[in-house]
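Comments concern the structure below.
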Amino acid sequence: MKKISVLLLLSLIVNLELIAQTDSMATLVVADNQEAELDYNKGVENYKIKSFDKSLENFTSATLKKSNFYQAFYNRGNVQSQLKRYKEAISDYTEVIKIQPSYARAYFSRGMAYFLMKDYKSAMDNFFTASTLDPKVAKYPYYCGVANFQIGDYKLAEKNFTEAIRIKNDYAFAYNDRGSARRNLQNYDGAIADYNLAIKNDPAMAIAFNNLGSVQRITKDYKKAIISYSSAIRLNPTYFIAYNNRGSAYFEMGNLIESISDFEKAISLNAKYAPAYNNIGLLLLKQKKYQEASTQFTKAIELDTNFAEAYGNRGSSKEMLHDFDGACSDWKKAASLGIENADLYLKGCEK
Amino acid sequence: MRILNKLIFLTFSMFAFFSTTFCQERIYIDKKEFKQTEAGFNEAWKNVTKGDFLFYQHREGSYRKATEHYTRALEYNSENAELNLLTGICFLRSWPKEKAAKYIEKACDLKINVHPKAQFLLGRAYQCASEFNKAIIAYNTYKEGLSEKENKEYGNLISNYIEECENGLVLKKIPVRALIDDVDTAINSPFDDYNPVLSSDGNTMLFTSRRGVDGDLISPVDHKYFEDIYSSERDSKVWSKAVNIGNPVNTKWNDAAVALSGDGKKLIIYRGHTEGGDLFAATLEGKKWGYIHDLTNKVNKDDSQESSVCFNADGTKMYFISNKAKDSYGGRDIYLSHLDKKGKRWSKAINLGPVINSEFDEISVYVSPDESTIYFSSNRPKSIGGFDIFKSVYKDSVWSEPVNMGIPINSPVDDIYLKIMPNGRDAYYCSERDGGVGDLDIYHITLLGPEKPLALSNEDDLVAGIAFPDSDPIIDDALEIKYTRMTIVKGTVSDFNTNKPLQANVELVDNASGKIVKETKSDQNTGLYSITLPSGSNYGFSVNADGYMFHSENFNVPAESGYKEIFKDIALQPMTAGSKIILYNTFFETGKSNLRVESYSELNRVALMFTKYPRLVLEISGHTDNRGSVAANKKLSKARADAVRNYLLGQGVSPTSLQSVGYDFKFPVADNKTPEGRQQNRRVEAKIISN
Numbered sequence: 324m325k326k327i328s329v330l331l332l333l334s335l336i337v338n339l340e341l342i343a344q345t346d347s348m349a350t351l352v353v354a355d356n357q358e359a360e361l362d363y364n365k366g367v368e369n370y371k372i373k374s375f376d377k378s379l380e381n382f383t384s385a386t387l388k389k390s391n392f393y394q395a396f397y398n399r400g401n402v403q404s405q406l407k408r409y410k411e412a413i414s415d416y417t418e419v420i421k422i423q424p425s426y427a428r429a430y431f432s433r434g435m436a437y438f439l440m441k442d443y444k445s446a447m448d449n450f451f452t453a454s455t456l457d458p459k460v461a462k463y464p465y466y467c468g469v470a471n472f473q474i475g476d477y478k479l480a481e482k483n484f485t486e487a488i489r490i491k492n493d494y495a496f497a498y499n500d501r502g503s504a505r506r507n508l509q510n511y512d513g514a515i516a517d518y519n520l521a522i523k524n525d526p527a528m529a530i531a532f533n534n535l536g537s538v539q540r541i542t543k544d545y546k547k548a549i550i551s552y553s554s555a556i557r558l559n560p561t562y563f564i565a566y567n568n569r570g571s572a573y574f575e576m577g578n579l580i581e582s583i584s585d586f587e588k589a590i591s592l593n594a595k596y597a598p599a600y601n602n603i604g605l606l607l608l609k610q611k612k613y614q615e616a617s618t619q620f621t622k623a624i625e626l627d628t629n630f631a632e633a634y635g636n637r638g639s640s641k642e643m644l645h646d647f648d649g650a651c652s653d654w655k656k657a658a659s660l661g662i663e664n665a666d667l668y669l670k671g672c673e674k
Numbered sequence: 170m171r172i173l174n175k176l177i178f179l180t181f182s183m184f185a186f187f188s189t190t191f192c193q194e195r196i197y198i199d200k201k202e203f204k205q206t207e208a209g210f211n212e213a214w215k216n217v218t219k220g221d222f223l224f225y226q227h228r229e230g231s232y233r234k235a236t237e238h239y240t241r242a243l244e245y246n247s248e249n250a251e252l253n254l255l256t257g258i259c260f261l262r263s264w265p266k267e268k269a270a271k272y273i274e275k276a277c278d279l280k281i282n283v284h285p286k287a288q289f290l291l292g293r294a295y296q297c298a299s300e301f302n303k304a305i306i307a308y309n310t311y312k313e314g315l316s317e318k319e320n321k322e323y324g325n326l327i328s329n330y331i332e333e334c335e336n337g338l339v340l341k342k343i344p345v346r347a348l349i350d351d352v353d354t355a356i357n358s359p360f361d362d363y364n365p366v367l368s369s370d371g372n373t374m375l376f377t378s379r380r381g382v383d384g385d386l387i388s389p390v391d392h393k394y395f396e397d398i399y400s401s402e403r404d405s406k407v408w409s410k411a412v413n414i415g416n417p418v419n420t421k422w423n424d425a426a427v428a429l430s431g432d433g434k435k436l437i438i439y440r441g442h443t444e445g446g447d448l449f450a451a452t453l454e455g456k457k458w459g460y461i462h463d464l465t466n467k468v469n470k471d472d473s474q475e476s477s478v479c480f481n482a483d484g485t486k487m488y489f490i491s492n493k494a495k496d497s498y499g500g501r502d503i504y505l506s507h508l509d510k511k512g513k514r515w516s517k518a519i520n521l522g523p524v525i526n527s528e529f530d531e532i533s534v535y536v537s538p539d540e541s542t543i544y545f546s547s548n549r550p551k552s553i554g555g556f557d558i559f560k561s562v563y564k565d566s567v568w569s570e571p572v573n574m575g576i577p578i579n580s581p582v583d584d585i586y587l588k589i590m591p592n593g594r595d596a597y598y599c600s601e602r603d604g605g606v607g608d609l610d611i612y613h614i615t616l617l618g619p620e621k622p623l624a625l626s627n628e629d630d631l632v633a634g635i636a637f638p639d640s641d642p643i644i645d646d647a648l649e650i651k652y653t654r655m656t657i658v659k660g661t662v663s664d665f666n667t668n669k670p671l672q673a674n675v676e677l678v679d680n681a682s683g684k685i686v687k688e689t690k691s692d693q694n695t696g697l698y699s700i701t702l703p704s705g706s707n708y709g710f711s712v713n714a715d716g717y718m719f720h721s722e723n724f725n726v727p728a729e730s731g732y733k734e735i736f737k738d739i740a741l742q743p744m745t746a747g748s749k750i751i752l753y754n755t756f757f758e759t760g761k762s763n764l765r766v767e768s769y770s771e772l773n774r775v776a777l778m779f780t781k782y783p784r785l786v787l788e789i790s791g792h793t794d795n796r797g798s799v800a801a802n803k804k805l806s807k808a809r810a811d812a813v814r815n816y817l818l819g820q821g822v823s824p825t826s827l828q829s830v831g832y833d834f835k836f837p838v839a840d841n842k843t844p845e846g847r848q849q850n851r852r853v854e855a856k857i858i859s860n
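Protein sequences appear in the order of chains A and B.
If you count the first sequence from 1, position 118 lands on 441 in the working numbering, and the numbers rise without skipping.
If you count the second sequence from 1, position 396 lands on 565 in the working numbering, and the numbers rise without skipping.
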């Protein structure tokens with residue numbers, strides 16, 4: 324192996340004359356057998372400046388020069404993930420695991436790739452292995468919880484979040500998510516306690532305030548819900564979801580003026596936010612303005628063609644407009660999209 | 170069946186109450202009190218007089234006409250209490266009853282004792298306007314003012330009205346899901362239009378109407394035109410203009426539609442001018458109704474009225490209304506008759522029993538095709554006013570307790586003659602409510618089925634890990650690269666004598682290993698060269714070109730050495746006598762003449778010269794610095810020259826080609842005062858003697 328004649332200048336200045344005049348500047352020669360590492364480092368640099376294609380080339384080149392270069396495979400996997408090429412990423416992480424079977428981060432990253440592909444079961448398996456290999460990292464059981472939450476196993480998710488909190492007792496995300504698991508288990512008191520702990524550990528966590536508000540709304544404590552949503556909005560003034568939710572709390576309290584104001588604000592923040600159009604439609608439906616309501620539901624459906632509730636509600640407005648065929652058509656669509664209580668909508672449509 | 174009869178039954182108690190009330194206690198409008206200005210007074214008073222004339226006929230038809238005169242008189246003086254009261258009463262007894270409250274309320278406001286029964290009338294008016302709370306207050310106010318005798322006589326009636334209002338309050342809170350629409354002006358008229366009967370496909374409607382034109386016969390009972398049957402056809406969703414189906418079905422007396430067979434070819438009619446009112450059947454012949462025959466004496470009784478019929482799906486059972494006095498539970502009841510197996514004779518009618526029939530009137534009946542549900546109108550206590558539609562389910566051979574069909578199907582005025590179409594969603598009935606064309610009108614009901622949830626749509630960021638995903642992977646850091654520091658030697662190679670640039674091989678030898686670690690060539694045009702010397706070693710540096718003596722240098726580059734550039738211009742001496750070179754890479758042990766192994770590379774290059782130039786004769790001379798005696802230095806310099814000569818001899822160089830000489834410090838090349846100078850002076854040179 325020849326000596327590498329590459330001059331690495333440890334200064335941005337590459338003028339040889341200047342270097343020659345400055346003894347403190349060292350000119351270095353890369354030692355032997357480090358071409359792969361050099362490519363790898365270039366890959367890291369390119370990754371940091373988000374030049375992902377070049378980064379990918381660098382890491383590929385590194386792996387070709389050193390077939391057991393697991394860091395290069397790992398980082399290439401990360402680049403693939405960034406480029407949303409999750410299958411390729413999984414392949415790279417798998418290669419890492421072959422070379423370095425105890426590399427917990429590779430399992431975690433592979434889990435994330437599966438997670439982003441919505442393969443929550445595989446994701447959970449990988450997160451779990453990562454947490455077994457490195458039990459001190461709270462993020463690993465936390466993401467086990469996230470995956471289990473997505474699977475719908477809220478009890479297991481609750482357990483995972485508890486484990487994450489045991490490792491890192493100020494883990495605001497884990498408190499928030501455990502609150503959500505408990506909410507879905509209809510343990511509303513537990514959920515409220517957890518959301519409050521999330522807020523205690525991260526007072527700027529707008530989503531925890533929003534979630535707290537939603538549990539309070541579910542339990543019909545609308546006044547408290549409105550306070551919580553308002554806190555979320557104060558922390559994140561562009562939080563259109565919280566506006567829409569606060570509007571719903573006002574709606575359920577019968578305060579239609581505040582309700583419409585919040586729904587409209589949500590739309591002003593996100594003109595493509597279909598739920599707010601649906602809710603304005605409901606408000607109009609309640610005011611017996613059936614045609615206007617139908618128009619709002621149609622807007623919601625245009626934005627989200629799988630919006631079951633908007634179809635259901637539009638059907639109800641059409642019904643009141645004597646368009647029974649149109650109503651049934653919408654209700655059938657809503658049922659096909661999995662709306663709750665589909666039977667209620669379909670009753671009478673078979674005639 | 171006739172509406173006039175209906176009215177007699179449905180409001181019999183009230184009518185009696187009113188009759189006694191208002192026959193005995195006339196409401197006088199004081200002419201002087203009424204008069205305000207001359208202008209318009211005569212015309213207004215004429216209207217008062219005409220109104221009074223019609224009012225005191227106490228007929229529904231005349232009340233309605235009276236309202237027209239009274240309201241004209243009110244244009245002249247709207248602040249007369251009695252006139253307002255009379256107008257209100259007229260509305261209360263004709264149509265729309267909902268308007269009565271406005272006038273009676275004003276009458277009471279204008280004159281607190283406008284009439285002894287004003288609070289009762291106000292209660293009725295409020296009830297008809299669905300203002301149940303106000304109605305209850307008015308009824309109670311009235312009731313509290315009754316004498317003991319009056320209370321005995323009217324107390325129950327008032328209590329019934331209060332109960333109706335309480336029912337109304339309950340039902341108002343839980344409205345049923347139904348849309349009520351006035352059918353069409355093509356069907357409804359400003360007169361009574363009622364009892365729609367429809368073909369099973371819902372596209373043919375026959376109904377009864379009391380519309381008429383001047384000259385038509387008017388019933389003396391209620392001062393309305395006699396009943397006739399009309400028909401209309403529906404094309405798509407539009408009903409055609411209703412037409413009188415004419416003779417022989419319609420006569421100058423009461424002829425009312427009761428039921429229509431599923432195929433639309435057999436019409437059951439009611440004729441009220443014979444035997445107190447009985448049922449007949451008419452058959453459609455082509456496009457005309459004819460061949461009328463009665464429904465046997467098992468159904469039609471001499472001493473009773475039979476009306477409102479509903480057949481079961483196969484036509485073998487007939488449910489109908491009759492006021493058969495003997496087995497009635499009170500007023501009109503619902504009966505059932507079976508057709509015999511031959512399909513010719515109807516059985517004796519059976520009363521449906523006390524669950525369905527009450528001590529009040531049950532009028533109009535409709536039974537679902539599977540006979541599991543019966544719908545009928547009744548003014549029983551569960552009503553909210555007038556006749557309401559009730560529903561009962563037949564299960565386990567028992568009819569369930571009838572339930573009020575609720576608001577908005579029922580209203581505080583009469584709601585009767587419900588017919589539900591086979592699709593279960595569309596229905597027709599008639600109602601006296603405000604909002605139609607006039608009097609009783611036919612309405613379409615859309616039964617909407619169960620309440621659909623109003624689905625608010627909300628989202629939450631339930632999972633922080635999804636709201637803020639860890640999708641930006643933490644990449645492994647850059648690895649540490651091992652570097653070596655270096656010195657650059659650069660300069661030109663030229664001919665010693667001519668200064669012309671030369672292309673020469675520049676070699677770097679690790680003196681410790683004797684290996685060439687780097688090689689380069691100087692540029693043939695410029696003579697420029699550059700070569701790097703990694704740190705941490707001692708290097709022999711030599712420049713060779715054909716026809717020239719090589720040139721050597723020694724560079725010691727410590728590992729910790731900083732960057733350094735050494736500029737070295739080298740002039741190669743030609744292979745001619747007198748040319749000499751310093752063998753910088755020839756090393757001896759300190760103060761001794763023993764060659765160190767690091768010297769071999771350089772000396773091998775010298776030996777190579779003899780291979781290339783066999784006739785070459787070299788003088789190898791040793792030189793020292795000036796420290797020590799001349800003799801000692803002489804000896805050392807000669808010994809070192811000999812050591813070199815001996816090494817070369819060992820490499821196969823001929824002894825005759827080599828001379829060795831010691832020059833001690835006779836020929837210094839640098840200043841002996843400095844260590845560096847002395848270092849340079851300690852050297853071995855090779856000079857060409859001949860070639």
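For each residue, glycine too, the CB sits at the ideal point set by N, CA and C.
Note that this is a predicted model, so its numbers are computed, not measured.
With respect to A658/A, A650/A sits apart: the two C-beta atoms are not nearer than 7 Å. By the Cβ rule, the region 460 to 480 of chain A does not count as touching the region 577 to 596 of chain B, because fewer than three pairs are nearer than 8 Å. Proximity of chain A to A636/B at the Cβ level (cut-off 7 Å) is accounted for by I530, in chain order. Nearest neighbour of T667/B by Cα position, chosen from I585/B, S400/B and I739/B, turns out to be I739/B. Annotated as proximal: L697/B and T661/B, with beta-carbon spacing under 7 Å. Residues are counted here when their Cβ sits less than 8 Å from a Cβ of chain A; for the region 645 to 662 of chain B these are D645, D646, A647, L648, I650, K651, Y652, T653, R654, M655 and I657, given in chain order.
Shown in chain order are the members of the region 600 to 624 of chain B whose Cβ falls below 9 Å from a Cβ of chain A: T615, L616, L617, G618, P619, E620, K621, P622, L623 and A624. In terms of Cα proximity to Q693/B, the closest of E251/B, K669/B, G819/B and G371/B is K669/B.
One thing to note: L741/B has its Cβ within 7 Å of the Cβ of Y717/B.
Within the region 467 to 496 of chain A, contact with chain B at the beta-carbon level (separation under 7 Å) is assigned to V469, F472 and F496. Along the length of the region 544 to 581 of chain B, whole alpha helix (DSSP H) runs at least 4 residues long do not occur. Contact of L631/B with chain A by beta-carbon distance below 9 Å involves F472, N499, D500, G502, S503, A504, R506, N507, I530, N534 and S537.
In this structure, the CA atom of Y634/A is about 12 Å from the CA atom of K621/B.
Sorting D833/B, R262/B and S798/B by C-alpha distance to the C-alpha of I789/B places D833/B at the top. For I685/B, the pairing in a beta bridge is given by DSSP as V678/B. Between the alpha carbons of G415/B and L436/B lies a distance of about 14 Å.
The beta carbons of A514/A and E481/A sit no closer together than 7 Å. Excluding the 5 residues flanking it on each side, K365/A has same chain C-beta neighbours closer than 6 Å at N381, in chain order. The C-beta distance from L609/B to Y363/B rounds to 5 Å, short enough to meet the 8 Å contact threshold. Scanning K513/B, D351/B, I519/B and D483/B for the CA closest to the CA of K495/B turns up I519/B. Its Cα nearest to that of H284/B, the residue A250/B stands out among Y239/B, N372/B, R293/B and A250/B. Rounded to the nearest angstrom, the Cβ distance from N754/B to E771/B is 4 Å, consistent with a contact under 8 Å.
Remark: C-beta atoms of A746/B and I857/B approach each other more closely than 7 Å. Not a single C-beta of chain A is nearer than 7 Å to the C-beta of S537/B. The beta carbon of F586/A is closer than 6 Å to those of G570, A599, N602 and I603 in its chain, skipping five residues each way along the sequence. The alpha carbon of M528/A has as its nearest neighbour, out of Y511/A, D500/A and T452/A, the alpha carbon of D500/A. Between the alpha carbons of R602/B and D361/B lies a gap of roughly 12 Å.
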